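Notes follow once the structure below has been shown.
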Amino acid sequence: MTRTVWRHLRLAFFLGGVGLHRLSAYRVDFVLGAGAFLVRVGLQTAVVGLVFRQVPAVGGWTYHEVLFLLGFSLLPRGLDHLFTDQLWELGRKLVQRGEFHRYLVRPVNPLFSLLSERFFHPDGLGELAVGAVLVGWSGNALHLRLTPLQWAVVPLLVLCGALIHTSVKLLFASLSFWTVTSLPSMYAASQVSEFAAYPLDVYHPSLRVLLTWVLPFAFTSYVPCVYLLTGATGLVVWLPPVTAGALVLALTVWRRGVNAYEMTGS
Amino acid sequence: MSGIAVPERDGTPRPPLSARVRHYLPFATGGLQSLLQYRSTFVTTGVTAAAGAAVTVFLWRAVYAGSPPGGGPGGFTSEGITTYLLMAQVLQVLHANRVDDEVAAEVYRGDVAVMLVRPVSYPVVRFFACLPVVAANAVLVGVPVLALFALIVPLTVPRPVDVVLFLVSTALSVLLAFLVNLLTGMTGFVTTNTWGVRMVKQSVVAFFAGQLVPLALMPAPLAAVASALPFRGMVDGPLTLLLGRYDGVAGAADVLARQTGWAAGLALLSAVLWRASLKRLEVLGG
């Protein structure tokens, strides 16, 4: 058991290194991707700034609190991006073009084998860096003082959030085993995750229920931020069970999908 | 625009416009047919559009929650800003013609070479192929999203004359969106990471077109930058007319004239760049 875990860790490290080497081959592409991301977050921050030119608080949230939330939402997203970007390829074309079988003939877990093709995706590093800067800067402006317990759970909050993102992505990507390509539904799900960058309090009640209990993106940023900013623990205790539930559901669908997969035979 | 075998080069007289348009109609019906192959796309486009509209609509409604009934910041009422942001999202659906995607992919894969041996102009083919996409998106995505939100949030009812002006302006905005996407797709001649370029285009257009924040709510220097860019005619222009936020006939004419001017300018620019790009195009033979 420990040997398998150790072997996978070593493999992940090695394959991640291979991915980083690829970066040096496509430098302009990397710079373009990173620049595009910075433009996007910059304009998103500008929109928040323009909203708060009009009013001091939105849905009970101040300017710096919303920026804190916006920044925090990038952390789980970035962590997830770093390791699971290859799932987009699964949803897009691996089943459609009959290329998936090559992950089944390798002597490692098929999911690990699939994800390992794009470990340490550099765009994820950008998201983590920008998110950390936004959180640090707005936390400082808010004079936020975290208790030792809060400091201790921050990594867990980010990790659970990332696992929720991964679960949703894995679930929708696995649908492609039956529908051949599931890119549109993956895209729609990722679009819904954009809600997580703003306080849930401004949305219609039905939307709040959807984001909390159906596609639980609220647990990736809003719920942790409420806990970190106010210390209220009402919803944050639900984070571990929601994460576990999402992960179990996604892995079940994935496993069934792999079993249902049929090669093209050509 | 350009093509490699346009009739007038042979010295033969140009056929009448109607005949030339007829050459391109099969591309429009073909575009419609390939679109109907993937009907589920409309559902996901709809979900995406509704989600995008919900983020901005609810965010700004929270801002206008405490504003006086006569109108809050920028002269918008709560219903007015809701209508603005919702229609902005509907316009964005009309502008999502996938031209940038397809042009970039065809240049990248070299498929564009097949198009170049045909006696038609590739950019014009793309324009006709995207028209049914726009129409289908309007009917199958725009109308349902609008109806959904009309049930949840109060909207303003525009004057009939403003609706007519809005429709004219919307047609021009669709043309502008086509040209912007064509130019974006043509970056495929220069770089393989058109994903990054398209993401920048999407964010910049959404911001400076006034889709996320109306130009009236931007600080003066930023509004001046946005006014100087062609993207304004894609969202802020049509909605200025729809909500009657213009100053008499001259005001309405100004909005339409700016749109027409930018459409002509961008068409010229893409024609020039298209010719230049073809010179440096290299496709491996099969």
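Residue numbers (my numbering), protein chains in the order written: chain S, 87 to 352; chain H, -6 to 279. For glycine and all other residues, C-beta sits at the position ideal for the given N, C-alpha and C. Every value quoted in this text rests on a predicted model; they were computed, and no experiment measured them.
Where does the unbroken alpha helix (DSSP H) through K194(H) begin, and where does it stop? The residue you call residue 194(H) lines up with position 201 of the second sequence. Looking at the DSSP string, the run of the alpha helix (DSSP H) that includes K194(H) is T187 to F201.
Cβ neighbour criterion (16 or more within 10 Å) applied to L293(S): In the first sequence, residue 293(S) corresponds to position 207, counting from 1. Buried.
Give a yes or no on whether 9 Å exceeds the smallest Cβ distance from N130(H) to chain B. No chain B is present in this structure, whose protein chains are S and H.
State the beta-bridge partners of W147(S) as determined by DSSP. In the first sequence, the residue the question calls residue 147(S) occupies position 61. Per DSSP, V144(S).
Label S33(H) either buried or exposed according to how many other C-beta atoms from any shown protein chain fall within 10 Å of its C-beta, with 16 as the threshold for buried. On the second sequence, residue 33(H) is found 40 positions in, with the first residue counted as 1. Exposed, because fewer than 16 other Cβ atoms sit within 10 Å of the Cβ of S33(H).
Terminal residues of the alpha helix (DSSP H) in which V328(S) lies: Here the question's residue 328(S) lines up with position 242 in the first sequence. L325 to A346 is the span of the alpha helix (DSSP H), which, as asked, contains V328(S).
Quick one: what does DSSP say A248(S) is sitting in, helix, strand or coil? Here residue 248(S) corresponds to residue number 162 of the first sequence, with the count starting at 1. In the structure shown, A248(S) sits in a helix (DSSP, three-state: H, G or I).
Note down, in chain order, each residue of its chain lying with its Cβ closer than 6 Å to the Cβ of R178(S), except the 5 sequence neighbours on either side. Working through the first sequence from its first residue, we reach residue 178(S) at position 92. Taken in chain order, the residues that qualify are L269.
Compute the distance between the beta-carbons of V48(H) and E280(S), then report whether it is under 9 Å. Against the second sequence, residue 48(H) aligns to sequence position 55. Against the first sequence, residue 280(S) aligns to sequence position 194. Closer than 9 Å, so yes.
Identify which residue in Q204(H), V183(H) and A213(H) has its Cα closest to the Cα of V280(H). The requested residue 280(H) does not occur in the structure, where chain H is confined to residues -6 to 279.
Would you verify that the beta carbon of G(-4)(H) is, or is not, closer than 9 Å to some beta carbon of chain S? On the second sequence, residue -4(H) is found 3 positions in, with the first residue counted as 1. Residue placement at G(-4)(H) is flagged as unreliable, the pLDDT there being 42, under the threshold of 50; the coordinate-derived value follows with that caveat. It does not: the Cβ of G(-4)(H) has no partner Cβ on chain S nearer than 9 Å.
Is it buried or exposed for E213(S), if we count other Cβ within 10 angstroms and need 16 for buried? In the first sequence, the residue the question calls residue 213(S) occupies position 127. Buried, since its Cβ has 16 or more Cβ neighbours within 10 Å.
Give me the Cα-Cα distance between M87(S) and L333(S), rounded to the nearest whole angstrom. Taking the first sequence and counting its residues from 1, the one referred to as residue 87(S) is at position 1. Taking the first sequence and counting its residues from 1, the one referred to as residue 333(S) is at position 247. Distance between the alpha carbons of M87(S) and L333(S) is about 21 Å.
With H, G and I counted as helix, E and B as strand and the rest as coil, what does DSSP make of D281(H)? No answer is possible for residue 281(H): it lies beyond the span of chain H, which begins at -6 and ends at 279.
Compare the C-alpha of L201(S) against each of L220(S), V219(S) and L180(S) and name the closest. If you number the first sequence from 1, residue 201(S) lands on position 115. Of L220(S), V219(S) and L180(S), the residue nearest in Cα terms is L180(S).
Is G157(S) near A120(S), with beta carbons less than 9 Å apart? Here residue 157(S) is taken as the residue at index 71 of the first sequence, counted from 1. Here residue 120(S) is taken as the residue at index 34 of the first sequence, counted from 1. In this structure, A120(S) does not lie closer than 9 Å to G157(S) by Cβ.
Show which residues of chain S have a CB atom less than 8 Å away from the CB atom of T184(H). The sequence position of residue 184(H) within the second sequence is 191, counting from 1. Under the 8 Å cutoff, chain S gives V114, D115 and L118.
I'd like to know if L141(H) contacts chain S, where contact means its C-beta is closer than 9 Å to some C-beta of that chain. Taking the first residue of the second sequence as position 1, residue 141(H) is located at position 148. By this cut-off, L141(H) is not an interface position.
Mind checking whether L169(H) and Q252(H) have CB atoms under 9 Å apart? Within the second sequence, residue 169(H) is the residue found at index 176, counting from 1. Within the second sequence, residue 252(H) is the residue found at index 259, counting from 1. Cβ atoms of L169(H) and Q252(H): closer than 9 Å.
C-beta neighbour in chain H for S271(S), strict 9 Å: For this step, residue 271(S) is matched to residue 185 along the first sequence. Yes, contact with chain H.
Taking the CB atoms as reference points, tell me whether L301(S) and V312(S) lie closer together than 9 Å. Stepping through the first sequence from its first residue, residue 301(S) is reached at position 215. Stepping through the first sequence from its first residue, residue 312(S) is reached at position 226. For L301(S) and V312(S), no; Cβs fall outside 9 Å.
Would you identify the three-state DSSP class for G64(H), choosing helix, strand or coil? Here residue 64(H) refers to the residue found at position 71 when the second sequence is read from its first residue. If DSSP states are grouped into helix, strand and coil, G64(H) belongs with coil.
Contacting residues, own chain, Cβ-Cβ under 7 Å from L190(S) (five flanking each side not counted): Reading the first sequence from its first residue, position 104 is the one you call residue 190(S). Correct list, in chain order: P196.
Same chain, Cβ closer than 7 Å to V276(H), five either side skipped, listed in chain order: Working through the second sequence from its first residue, we reach residue 276(H) at position 283. Cβ neighbours of V276(H) beyond the five flanking positions: G103 and A106.
Determine the closest residue to P62(H) out of V56(H), R54(H) and S71(H), with distance taken between C-alpha atoms. For the purposes of this step, residue 62(H) is taken as residue 69 along the second sequence, with counting starting at 1. Of the listed residues, the one whose Cα sits closest to P62(H) is S71(H).
Within-9 Å CB hit, R2(H) to chain S: Here the question's residue 2(H) lines up with position 9 in the second sequence. Reliability fails at R2(H), whose pLDDT of 44 lies under 50, so the model's placement of it is uncertain and the value that follows must be treated cautiously. No, R2(H) does not count as interfacial toward chain S.
Do you know offhand how far L286(S)'s Cα is from L262(H)'s? In the first sequence, residue 286(S) corresponds to position 200, counting from 1. In the second sequence, residue 262(H) corresponds to position 269, counting from 1. Their backbone Cα atoms lie some 44 Å apart in a straight line.
Taking CB distances under 9 Å as the criterion, tell me whether M108(H) reaches chain S. Here residue 108(H) refers to the residue found at position 115 when the second sequence is read from its first residue. Judged by the 9 Å Cβ criterion, M108(H) is not in contact with chain S.
Contact set between the region 283 to 300 of chain S and chain H, restricted to residues whose Cβ is under 7 Å from the partner: Y284, V288, Y289, H290 and L293
Hey, is E280(S)'s beta-carbon within less than 9 Å of any beta-carbon in chain H? Here residue 280(S) is taken as the residue at index 194 of the first sequence, counted from 1. Yes - at least one Cβ of chain H is within 9 Å of the one on E280(S).
As assigned by DSSP and simplified to three states, the class of H16(H): To locate residue 16(H), count along the second sequence from 1; it is residue 23. Note: H16(H) maps to helix in three-state DSSP.
Collapsed DSSP secondary structure at G23(H) in the structure displayed: Here residue 23(H) corresponds to residue number 30 of the second sequence, with the count starting at 1. Helix.
Please report the straight-line C-alpha distance between D93(H) and A245(H), rounded to a whole angstrom. On the second sequence, residue 93(H) is found 100 positions in, with the first residue counted as 1. On the second sequence, residue 245(H) is found 252 positions in, with the first residue counted as 1. About 30 Å.
Taking only beta-carbon atoms, is T177(H) less than 9 Å away from chain S? Counted from its first residue, the second sequence places residue 177(H) at position 184. Cβ-Cβ to chain S under 9 Å: no for T177(H).
Assign Q85(H) to one of two classes, buried (16 or more other C-beta atoms within 10 Å of its C-beta) or exposed (fewer than that). Within the second sequence, numbered from 1, the residue matching residue 85(H) stands at position 92. The residue in question, Q85(H), is buried, as its Cβ has 16 or more Cβ neighbours within 10 Å.
With DSSP as the reference, label A354(S) as helix, strand or coil. Not covered by the structure: residue 354(S). The range shown for chain S is 87 to 352.
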